[in-house]
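A.B. asks: For reference, the structure I am asking about is given below.
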Amino acid sequence: MEIREPRQVETVVGFVCDVCQHACSKQADGLHGTECGTLRADWGFFSSNDMTSEECHLCEACFAKVKNFILSLGGAVRCWERSWHS
Ligand SMILES: [Zn+2]
215 MEIREPRQVE TVVGFVCDVC QHACSKQADG LHGTECGTLR ADWGFFSSND MTSEECHLCE
275 ACFAKVKNFI LSLGGAVRCW ERSWHS
C-alpha cells in the first residue's frame, strides 16, 4: 500500500535575464511564452572545474550580444528550426 501526502513542489514559471535582469517572458493576444537563451557548461574529470556546472539565462537581446561575441572569436553557434511539437 502506498502512503501518500500532499507536497508543495516548486516549478519554474519563468526566467529573468542574468545580464540585464529583464523578464524573459512575453505576453500578447492571450498567449504567454518564455523567450530565453541558456549558456551552460558541465565540467568533468579532465577540467580544472571538475564536477561543477555553470548556467546563465539570457534574454533575446543579451543572447544576441553573446552570440555575436562568439562569432567575433571565429566560433559558431549552432542554429536549427524546431517543430511545434518538439
Ligand atoms: Zn538581457
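In terms of the working numbering, the sequence shown opens at residue 215 and continues consecutively.
Where a beta carbon is used, it is the ideal one built from N, C-alpha and C, also for glycine.
(1) Who are residue 247's beta bridge partners in DSSP?
(2) Check whether the segment 225-244 and the segment 255-268 are in contact - that is, three or more C-beta pairs closer than 8 Å.
(3) Is any non-hydrogen atom of ligand 1 found closer than 8 Å to the C-beta of residue 272, if you look at the structure I gave you?
(4) Measuring CB atoms only, is the segment 219-228 touching the segment 265-279, in the sense that at least three cross pairs come out at less than 8 Å?
(5) Does the beta-carbon of residue 299 have 16 or more other beta-carbons within 10 angstroms, so that it is buried, or is it exposed?
C.D. replies: Let's see:
(1) 240
(2) no
(3) yes
(4) no
(5) exposed
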